[in-house]
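All residue numbers for the sequence shown refer to this note's numbering, where the first residue is 1449 and numbers rise by one. Working notes, beginning with the structure itself.
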Amino acid sequence: MMNLKNKLLVVGLGLLLSTMSMQICAAQSVWTLDKCLEYAAAHNQDLSVGRQRLAVAATAAGQSKARLLPTVTGSVSLDHYWQIPVQVFPGELLGQPQGTFVPVRLGTPWMGNAGLQANLSLIDAEGWKQIKTSMLEQQLKASQNHSGQKLVAKNVRMAYYAAVLHQQDYHTAEGRVRDFQESHRLIALNFEKGITDQIAVNQSLALLEDLGDEAAGIRASYLQSLLDLKFWMGFPLADSISIDTGGVSLPEAAPQTDFSAQRLPDFRQDSLTVDIARAVVRHSTAALYPKLSFVSGYSRLGFGSEASFITRSKWFSSGYVGLRLSMPIFDVPRMRYQLKKDKESVLLAQAERQAGINSGNKAFLTAKIGYDRALQELATLQTKEALARENIGLSTKKLQKGIMDMIQMKQLQDELTVVRRKRLAAKLQCLTQIVELEYLQGN
């Protein structure tokens, strides 16, 4: 079994390594909250995806506008008829009795065609509505990207505050271990002098090990909060990061408590979704309108009994210009069901927007209740922690004089631990609810 000196050596070595690790991190660049937010805006993976989606939407909007430009299509064909098509003509056209028919083979075994066709849209209501819809979709992607930035900033702030408070908790736990090491040394010295017994030494050592285990657990929570922060920043997870040790304080002014649906982070994009649904209805309706286009074409036709006709045969030209009017006359899937589905989609988008408003209002009120409760609890716990620290200081003096047992000391240490961690949790809750309130109102 490990003796007393070895146990003390192990605890001291663990604290030394932890301190050295923290000093190495401190020697690196210190990351403030503003610096973390700036880095996240440029490197967060979700925001990178959002920017790419916005680029795709911008290209799609340009594509819809290009539909109104003239189009020119070229075509080339070479056909070999192993059976030449037959066309039947009335016999009287060829000097045969009336009522008879004469089959005539048309064409040659080899035929070729090359040409150009041009089309310019003159009246196309569907095309114009498609442009409007594409522009709204581009605005939607921009709004989603903006909302994503707000969400990432919210998560970075929450993770940063958690990391700072866990760091403070860890430094406090480290200090308690170092302070109690001195008390344990005095207890061991009193044991050697015969002032106290082995039971007090064993209890003191057990308490020292409990404090060391507690510090190790808090350090794990601190490292986990740093991992969360690096994830939301888009920071390399394997790299170390050192945050500002100056701590965080609650703002002097209370957070905004009046709710506005228009300031919700998703209200803009939900409204654009409704606008897009309405635009789709107009687009589907415009698809039933007449379309007028200017068309033109030019082609050359060649034929012969062998494939060499391409260079030997005479090619015959033809060309045309004209206007083409088209419109659907009977199209049940488009005229009835497509329009009905699009109109129902408008009602769905409106219902989803209202549901989002109700959900945002509930989240806002919940955050307000949580903030008020955490602020009240924080004030009480600050007073309790001050009393607990005073009790620890007084008990340490009594312990050094040998007039207090370790059971009482452990109870006081446990009380301080519970109160301190509750106080940090209440402070983190206050900061978290402030961030949530600001996020829900567009800040």
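From the three backbone atoms N, C-alpha and C, an ideal C-beta is built for every residue, glycine too. Remember, predicted model here, so these are calculated numbers, not experimental data.
{"Check": "Start-to-end residues for the beta strand (DSSP E) that takes in Ala-1735", "Outcome": "It is not in any beta strand (DSSP E) - Ala-1735 carries neither H nor E in the DSSP assignment."}
{"Check": "Of the residues Asp-1527, Ala-1590, Thr-1831, the one placed nearest Val-1497, counting alpha carbons only", "Outcome": "Ala-1590"}
{"Check": "Through-space distance from Leu-1885 to Thr-1480, alpha-carbon basis", "Outcome": "22 Å"}
{"Check": "Straight-line Cα distance separating Ala-1509 from Ala-1503", "Outcome": "10 Å"}
{"Check": "Close beta carbons around Pro-1545, own chain, < 8 Å, minus the five adjacent residues each side", "Outcome": "Gly-1539"}
{"Check": "Of the residues Lys-1788, Gln-1587, Pro-1551, Leu-1516, the one placed nearest Ile-1566, counting alpha carbons only", "Outcome": "A small fix is needed here, since residue 1566 is Ala in this sequence, not Ile. When only C-alpha atoms are compared, the closest one is Leu-1516."}
{"Check": "Close beta carbons around Lys-1858, own chain, < 6 Å, minus the five adjacent residues each side", "Outcome": "Leu-1655"}
{"Check": "Straight-line Cα distance separating Asp-1617 from Arg-1868", "Outcome": "8 Å"}
{"Check": "Close Cβ partners of Phe-1639 (< 8 Å) along its chain, the five nearest in sequence each way excluded", "Outcome": "Asp-1645, Gln-1646, Ala-1648, Val-1649"}
{"Check": "7 Å Cβ shell around Leu-1720 - same chain, five flanking residues per side excluded", "Outcome": "Leu-1584, Gln-1587, Leu-1588, Ser-1591"}
{"Check": "Residue range of the alpha helix (DSSP H) that includes Arg-1624", "Outcome": "1573-1641"}
{"Check": "Counted within 10 angstroms of its Cβ, other Cβ atoms place Thr-1433 as buried (16 or more) or exposed", "Outcome": "Look at the range of the chain in this structure, 1449 to 1891, and you will see that residue 1433 is not part of it."}
{"Check": "Val-1883 and Met-1681 closer than 9 Å at C-beta", "Outcome": "no"}
{"Check": "Of the residues Ser-1843, Phe-1757, Asn-1891, the one placed nearest Asp-1714, counting alpha carbons only", "Outcome": "Asn-1891"}
{"Check": "Expected contact under 8 Å - CB spacing of Val-1604 and Leu-1677 to nearest Å", "Outcome": "7 Å"}
{"Check": "Cβ-Cβ distance between Thr-1581 and Val-1794 below 9 Å", "Outcome": "no"}
{"Check": "With 16 other Cβ atoms within 10 Å as the buried cut-off, status of Gln-1889", "Outcome": "buried"}
{"Check": "Contact check, Trp-1558 vs Phe-1764, beta carbons under 9 Å", "Outcome": "no"}
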